[in-house]
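Adding 54 to a residue's 1-based position in the sequence shown gives its number in this note's numbering.
Have a look at the structure below before the remarks.
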Amino acid sequence: MSHTQVTQAKARLNRSELAVPGSSPKFFEKAAVGSADAVFLDLEDAVAPDLKPSARRDVIQAIGDCDWGDKTLSVRINGLDTPYMYRDAVDLLENCSERLDLIMIPKVGTACDVYVVDALVTQIEMATGRKKRVGFEIIIETALGMQNIAEIAAASPRNESLHLGAADYAASTRMRTVQIGGANPDYGVLTDPNADGARDFHWSDMWHYPITQLVVAARANGLRPCDGPFGDFSDAEAFTAHAKRAAVLGCEGKWAIHPSQVELANNIFTPPADEVAQARQILRTMKESEAAGAGAAAMDGKLIDYASIRQAEHLVAMADAIAAKG
Ligand code: GLV
Ligand code: MG
């Protein structure tokens, strides 16, 4: 390990994060009793400009009025380039109950963007005597944000997680997407001809780079990496494939832009039982091996060592946290 120690953000389950438009209060109660690990009430892109003030009021009211159970509760404020952000932050933190856990900041481009919101939130917390410190979820969804991702991730002790906003990221970089967070059949490789002259075309993952960058920046700063939206909520199979790929790359969860995606995400980001059993076995085997004076061991014909312990510990910790939630 480096001499630099990475401080981990507060641990929270983030397998599914349900997006709920702040201008649709009729969905709030359902979201509150649903099975998402986290819910964010949106004041940004799901809300039309004319509805911003009423959405803000309804969201503030619902934070205190609904029973959110043990969910992580967040509000997505508007971006720093809009005339709404300051009022979102001020009205929200001056008036909402202490049930609010996080603020989600969209379209973050530089570390200074986080600094500005942090300064504002800190003053309001001090002035109003709020006891619970609100944390930040950061959406990386512009070319500028991706370029500055390392500094953004380190910008505030309030930071808890990084999220990939696939729709805005595609708009900002001018990626040619077919639908939000989905694949494009033009992005692939053609194999060389085989002996019969036949060639195959293999689709590739156009989201590999941004997701990997996001995972690295998040983990290097002790934050949770989380994959963002997948727009085609009627295609559970495609959602599953995209979420599984994000899980394999190290993400802890994915957004649900429709309630039907919540259970899918919860299942996919729950470590599979056989992998957890194997992780527990690794910990037992390594303990025995260490007691016998060895640093590495063989398990099922494969090498395991101290790195295997670290991997296994993360998996077991996640499984235990999920089991504790019940
Ligand atoms: C989310 O905000 C996105 O742009 O995908
Ligand atoms: Mg966006």
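Beta carbons: idealized from backbone N, C-alpha and C, even for Gly.
### Message
Rounded to the nearest angstrom, what separates Val-74 and Val-60 at their Cα positions?
### Response
33 angstroms
### Message
So for Ile-206, helix, strand or coil by DSSP?
### Response
helix
### Task
Could you tell me which uninterrupted beta strand (DSSP E) segments, each at least 3 residues in length, are contained entirely in the stretch 274 to 351, listed from first to last along the chain?
278 to 281 and 307 to 310
### Query
Under 7 angstroms from any heavy atom of the ligand GLV, does the C-beta of Glu-195 make it?
yes
### Query
Does the beta-carbon distance from Ser-215 to Cys-166 come in below 8 angstroms?
no
#### Entry: Residue range of the beta strand (DSSP E) that includes Leu-216
213 to 218
### Buried or exposed (CB count within 10 angstroms, at least 16 for buried), Leu-244
exposed
### Message
Is Ala-100 close to the ligand MG? I mean its beta-carbon at under 7 angstroms from any heavy atom of the ligand.
### Response
no
### Message
Please return the same chain residues whose Cβ sits closer than 7 angstroms to the Cβ of Ile-376, not counting the five positions on each side in sequence.
### Response
Leu-67 and Thr-324
### Query
Less than 7 angstroms between the CB of Ile-234 and some heavy atom of the ligand GLV, yes or no?
yes
### Query
Taking 7 angstroms as the line, does the beta carbon of Ala-271 fall inside it for any heavy atom of the ligand GLV?
no
### Query
For Pro-160, is the beta carbon positioned less than 7 angstroms from some heavy atom of the ligand GLV?
yes
### Message
Per DSSP, what are the beta-bridge partners of His-57 in this structure?
### Response
DSSP output for His-57 lists no bridge partner at all.
### Query
Can you name, in chain order, every residue of its own chain whose Cβ lies under 7 angstroms from the Cβ of Ala-319, other than the five neighbours on each side?
Arg-69, Ser-70, Ala-297, Gly-307, Lys-308 and Ala-310
#### Entry: Residue range of the unbroken beta strand (DSSP E) whose run includes Ser-70
70 to 75
### Buried/exposed call for Asn-458, threshold 16 Cβ in 10 Å
Nothing about residue 458 can be reported from this structure: the residues present for the chain run from 55 to 380 only.
### Query
Is the stretch 184 to 192 touching the stretch 237 to 256 in the sense that three or more CB pairs, one from each, lie closer than 8 angstroms?
no
### Query
Using 8 angstroms as the threshold, is the stretch 266 to 275 in touch with the stretch 224 to 242, meaning 3 or more CB pairs across them?
no
### Query
Based on the DSSP secondary-structure assignment, which residues constitute the bridge partners of Val-93?
Leu-72 and Leu-127
### Task
In the DSSP assignment, find the unbroken beta strand (DSSP E) run with Ala-191 in it and report its ends.
Note that residue 191 is Glu in the sequence shown here, rather than Ala. Looking at the DSSP string, the run of the beta strand (DSSP E) that includes Glu-191 is 189 to 194.
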